[in-house]
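Residue numbers (this note's numbering): 1 to 150.
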Amino acid sequence: MSSSGTRDLAVGIFVVIGLMALAFLSVQVGGLSLGRQGGLVLFATFDDIGGLSNRSPIRIGGVRVGRVTEIELDANLRPRVQLDLSPDLELTIDTMAAIRTSGLLGDQFIALEPGAEDEMLVSGEDVVFTESATNLDKLIGAVVHGGGND
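Okay, structure coming up:
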C-alpha cells in the first residue's frame, strides 16, 4: 500500500472514531436513556414549578434517580409533572416531592424525600405531598421591603 493510501486509511479511521464519539456525547448530553424502559412513572402537582423543565433531574439525597419527562397543566390550571424514575426504585405513599435549586441561581430539580409508611406507590399514581419552587423575585422583594410588612 502506498503512503497516500495509508494516510487515507488513517484519516478514514480517525473520522469514524470522531463520529462515534460525537454520537455518544450527543446521547449523553441529550439525556436519552437507550434501553432503559419500564421504570416507575409517577405524577406530582405543584402550585409553582419555577424554572423546572423537561429533562430536569430527580434526586434522592443528592443521587440522581430519574428525570422530568412531561409538564402540563391539570384541570385546575396547576402544573402537573411526570416523573420517570429508576425501575428498581420503591417509594412510600407519603413520599414528598420538592422543587429545589442547585446553588443560589442554579438549575432546578425535584428532590424526593421518602416517608415512613409501609404502603408503596405504584406506577401511574400521584405523589400527594409536594413543595413548590421558591420564587426568588418574591423572596428578594420581601427582604427589600422589610419582610413584606407594609
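The beta-carbon is built from N, C-alpha and C at its ideal position, and this holds for glycine as well.
This one's a predicted model, so the numbers in the text were calculated from it and none came from an experiment.
Relative to the alpha-carbon of residue i, which residue among the options has its alpha-carbon at the smallest distance?
i: P114; options: E90, A133 and S102; result: E90
i: L52; options: V143, I17, L105 and G141; result: L105
i: L42; options: I49, D48 and P87; result: P87
i: D47; options: D8, R78, I71 and R7; result: R78
Bridge partners of residue i, per DSSP?
i: R80; result: T45 and E72
i: D126; result: F43
i: L112; result: A97
i: M120; result: T92
i: V63; result: I60
i: L85; result: L40 and G66
Using a Cβ-Cβ cutoff of less than 6 Å, which residues in the same chain neighbour residue i once the five nearest sequence positions on both sides are dropped?
i: L34; result: Low local confidence applies: a pLDDT of 47 at L34 is under 50, so the model's placement there is unreliable, and no value is given.
i: L85; result: G39, L40, V65 and G66
i: M96; result: E113 and F129
Leaving aside the five residues before and after residue i along the sequence, list all residues of the same chain whose C-beta is less than 8 Å from its C-beta, in chain order.
i: D74; result: T45 and R80
i: G61; result: none
Residues in its own chain within less than 7 Å of residue i by CB, not counting five upstream and five downstream?
i: R36; result: For R36, the predicted model reports a pLDDT of 49, less than 50, meaning its position is unreliable; a value from the coordinates is still stated below. Counting only Cβ-Cβ distances below 7 Å, and skipping sequence neighbours, we find nothing.
So does the region 59-66 actually touch the region 12-26, counting three or more Cβ pairs closer than 8 Å?
-> no
How about the region 94-109 and the region 4-21: do they share at least three Cβ pairs that are nearer than 8 Å?
-> Using a Cβ-Cβ distance cut-off of 8 Å, the region 94-109 and the region 4-21 are not in contact, since fewer than three pairs of beta carbons, one from each stretch, lie closer than that value.
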